Amino acid sequence: MLSTGALIWVSARPLIRLIFCVTCGFVITKADIFPAVASRGAGQILLNITLPCLMFSKIVPAFTAQNISALGPLIFVALLYEAMGIALAWIIRQFFWVPHRFRYGLLVAGGWGNVGDIPNAVVMSVTGAAPFTPNTDQNLSVAYISAFILVFMVTLFPFGGHRWIAMDYLGPDVEPEEVQEAVRRRRRMVLGPIDRMFRASSRKPQGIKVPEVQTSPEKGAEIEKDETPIHSSAATEIMAHSRIDSIDRTIAVSPADTIVLKSRTNTLADEDVLPTHSAVENKPCADIGQQASERTPTALHARKLPRISRNSIREFFKTLFTPASISIFISFPIALIPQVKALFIQVPNVHMPSAPDGQPPLAFILDTATFMGNASVPLGLVCLGSALARLHVPRKGEWQTLPLGAIAWLAVAKILLMPILGILIVQGLTKSGMIDPEDKVLRFVCIFCSCLPTASTQVFLTQVYSGTGSAEHLSAFLIPQYALMIFGMTVVTAYTINLLF
Numbered sequence: 261m262l263s264t265g266a267l268i269w270v271s272a273r274p275l276i277r278l279i280f281c282v283t284c285g286f287v288i289t290k291a292d293i294f295p296a297v298a299s300r301g302a303g304q305i306l307l308n309i310t311l312p313c314l315m316f317s318k319i320v321p322a323f324t325a326q327n328i329s330a331l332g333p334l335i336f337v338a339l340l341y342e343a344m345g346i347a348l349a350w351i352i353r354q355f356f357w358v359p360h361r362f363r364y365g366l367l368v369a370g371g372w373g374n375v376g377d378i379p380n381a382v383v384m385s386v387t388g389a390a391p392f393t394p395n396t397d398q399n400l401s402v403a404y405i406s407a408f409i410l411v412f413m414v415t416l417f418p419f420g421g422h423r424w425i426a427m428d429y430l431g432p433d434v435e436p437e438e439v440q441e442a443v444r445r446r447r448r449m450v451l452g453p454i455d456r457m458f459r460a461s462s463r464k465p466q467g468i469k470v471p472e473v474q475t476s477p478e479k480g481a482e483i484e485k486d487e488t489p490i491h492s493s494a495a496t497e498i499m500a501h502s503r504i505d506s507i508d509r510t511i512a513v514s515p516a517d518t519i520v521l522k523s524r525t526n527t528l529a530d531e532d533v534l535p536t537h538s539a540v541e542n543k544p545c546a547d548i549g550q551q552a553s554e555r556t557p558t559a560l561h562a563r564k565l566p567r568i569s570r571n572s573i574r575e576f577f578k579t580l581f582t583p584a585s586i587s588i589f590i591s592f593p594i595a596l597i598p599q600v601k602a603l604f605i606q607v608p609n610v611h612m613p614s615a616p617d618g619q620p621p622l623a624f625i626l627d628t629a630t631f632m633g634n635a636s637v638p639l640g641l642v643c644l645g646s647a648l649a650r651l652h653v654p655r656k657g658e659w660q661t662l663p664l665g666a667i668a669w670l671a672v673a674k675i676l677l678m679p680i681l682g683i684l685i686v687q688g689l690t691k692s693g694m695i696d697p698e699d700k701v702l703r704f705v706c707i708f709c710s711c712l713p714t715a716s717t718q719v720f721l722t723q724v725y726s727g728t729g730s731a732e733h734l735s736a737f738l739i740p741q742y743a744l745m746i747f748g749m750t751v752v753t754a755y756t757i758n759l760l761f
């Protein structure tokens with residue numbers, strides 16, 4: 261059991277190293293030493309070289325046949341965190357106005373956290389010292405984090421999470437006043453009945469029975485006439501709200517769907533599938549019905565064919581097999597097959613001829629991956645600081661025009677509310693037996709990954725899809741999260757260590 265002072269120091273020490281690396285990237289970017297071209301090049305090195313080497317060097321020695329069962333809970337918790345974040349962001353969007361060009365980006369900001377640089381930096385530092393076992397727990401923690409990275413990459417790219425960002429920039433823009441009015445109507449529709457119910461319950465005197473009044477048909481008709489305007493105004497408000505929602509859904513059609521619809525229309529017009537008016541008049545009704553019944557399945561089948569093309573399948577596998585994901589896919593079989601694993605590290609009860617230096621034959625590959633992978637975390641933090649330095653910080657007059665309610669509640673949901681839910685979920689899974697109570701590294705990684713801010717990857721995706729290279733709306737949502745992150749992670753780390761030990 262650690263003392264309070266030691267617990268605070270163990271929790272704050274990893275963040276000091278993190279802040280120093282991020283600050284270095286921030287400073288050299290502001291000083292024009294690290295331009296955008298250099299930052300993109302460093303990001304490519306990180307994604308294609310150092311991160312795959314880090315994953316390989318940690319997964320191969322860490323995973324065994326005894327602890328591979330932890331992979332299932334890790335993937336489940338990672339998917340659950342993404343679903344919870346998306347749900348919280350959707351709820352925030354229902355009650356607080358969000359710029360039209362960020363209506364789907366808010367869902368991405370809520371669902372996908374920074375599971376790469378920040379967890380690796382903090383968790384490696386925490387598990388590399390007491391009360392954890394540095395020799396084994398450090399490699400195991402990074403191996404566990406690789407499951408979160410794999411889920412992040414697969415759900416964001418092959419399964420189309422990044423397309424939500426692209427949908428923000430389809431169709432014409434909508435003025436903030438119109439969006440705010442739509443949110444106010446939605447809020448009245450949701451909260452209005454609840455407010456009226458509370459008012460009615462507070463006005464009704466207790467212990468007094470209200471006598472029933474019998475009315476004649478003429479008076480009943482007069483009462484119905486008096487109540488008609490109220491009903492019609494409510495119906496008008498509901499119709500207006502649904503119209504705004506339908507406009508929003510119409511604008512959110514993807515370019516691929518628009519092209520498909522256009523090509524289908526041209527196909528119908530060219531092939532004369534629909535009968536002309538004169539042809540219908542000259543045929544009996546039975547023939548017309550038979551013709552429609554014969555052509556309807558063909559037309560429906562023709563409509564479904566263009567939705568899945570070779571390009572979409574090729575793009576799916578292209579985004580699935582990135583260098584980092586390939587490294588993870590290769591590392592797991594090597595780690596789980598003792599005879600293959602013995603080529604890289606010494607495995608008990610497995611005889612493998614050694615190299616001239618006494619090491620396993622392919623140990624030099626693992627040493628090289630470890631050497632290059634050590635650059636992944638500091639390089640990623642420097643790139644994170646550079647990305648934060650390029651964000652547009654709103655000035656005093658600009659904060660009044662921003663969606664402060666959505667910004668504040670997203671930061672609260674990501675940094676304060678999600679850790680509470682994460683702790684409850686992990687404790688529940690531990691009591692149910694899905695998570696091994698003795699695997700303290702697994703429990704720590706699962707809890708820590710619940711308090712991560714929005715991924716910096718969204719900045720680059722937004723700059724690409726915006727067409728202007730800017731991410732003006734996203735910057736206002738990121739800055740409060742990364743400011744609260746220092747306090748939130750310290751508290752979560754201290755509480756989790758105290759809970760585990």
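Just so we're aligned: 388 in the numbering used here is position 128 of the sequence shown, and the numbers increase by one with no gaps anywhere. Virtual Cβ for every residue (Gly too), placed ideally from N, Cα, C. Source: prediction; values computed, not measured.
Cβ pair residue i, residue j closer than 8 Å
i       : j       : result
Asp-617 : Ala-330 : no
Phe-408 : Thr-579 : no
Asp-292 : Leu-644 : no
Ile-425 : Thr-722 : yes
Gln-718 : Val-368 : yes
Ile-739 : Leu-651 : yes
Ile-675 : Gly-748 : yes
Asn-399 : Lys-318 : yes
Residue i, DSSP secondary structure in three states
i       : result
Gly-657 : coil
Thr-283 : helix
Gly-376 : coil
Thr-753 : helix
Thr-525 : At Thr-525, the pLDDT of 36 sits below 50, so the modelled position is not reliable and the matter cannot be decided from this model.
Thr-728 : coil
Thr-630 : helix
Thr-310 : helix
Thr-714 : strand
Pro-325 : Strictly speaking, residue 325 in this sequence is Ala, with Pro absent from that position. Correct three-state label for Ala-325: coil.
Phe-577 : helix
Arg-447 : helix
Asp-433 : coil
Ala-666 : helix
Asp-699 : coil
Asp-617 : coil
Ala-539 : The pLDDT assigned to Ala-539 is 37, lower than 50, so where the model puts this residue is not dependable; a value taken from the coordinates is nonetheless given after this. DSSP places Ala-539 in helix when its eight states are reduced to three.
Leu-262 : coil
Ser-271 : helix
His-491 : Here His-491 scores only 39 on pLDDT, less than 50, and its place in the model should not be relied on; the value that follows carries that caveat. Correct three-state label for His-491: helix.
Residue i versus residue j - alpha carbon distance
i       : j       : result
Ser-401 : Tyr-364 : 33 Å
Pro-456 : Ala-442 : Note on identity: in this sequence residue 456 is Arg, with Pro being the wrong assignment. When rounded, the distance between both Cα atoms is 21 Å.
Ala-390 : Phe-419 : 40 Å
Tyr-725 : Val-600 : 44 Å
Ile-746 : Val-382 : 11 Å
Glu-487 : Arg-445 : The pLDDT assigned to Glu-487 is 42, lower than 50, so where the model puts this residue is not dependable; a value taken from the coordinates is nonetheless given after this. Distance between the alpha carbons of Glu-487 and Arg-445 is about 21 Å.
Ala-370 : Phe-316 : Note on identity: in this sequence residue 370 is Gly, with Ala being the wrong assignment. For Gly-370 and Phe-316, the distance between alpha carbons rounds to 29 Å.
Ala-715 : Met-413 : 12 Å
Leu-596 : Ile-328 : 8 Å
Met-384 : His-360 : 40 Å
Leu-306 : Arg-459 : 59 Å
Arg-277 : Phe-581 : 32 Å
Ile-583 : Phe-577 : Per the sequence shown, residue 583 should be read as Pro rather than Ile. So the two alpha carbons sit approximately 12 Å from each other.
Gly-301 : Thr-289 : 14 Å
Gly-682 : Pro-621 : 43 Å
Gln-354 : Gly-285 : 36 Å
Ser-735 : Ala-347 : 21 Å
Tyr-404 : Gly-688 : 19 Å
Ile-605 : Phe-631 : 16 Å
Ile-588 : Thr-264 : 38 Å
Ala-666 : Ser-636 : 33 Å
Leu-662 : Ser-692 : 44 Å
Arg-447 : Trp-350 : 14 Å
Pro-679 : Gly-345 : 11 Å
Counted within 10 angstroms of its Cβ, other Cβ atoms place residue i as buried (16 or more) or exposed
i       : result
Ala-649 : buried
Arg-655 : exposed
Ala-743 : exposed
Pro-321 : buried
Asp-627 : exposed
Pro-608 : exposed
Gly-303 : buried
Arg-703 : buried
Glu-435 : exposed
Trp-357 : buried
Ala-731 : buried
Asn-758 : exposed
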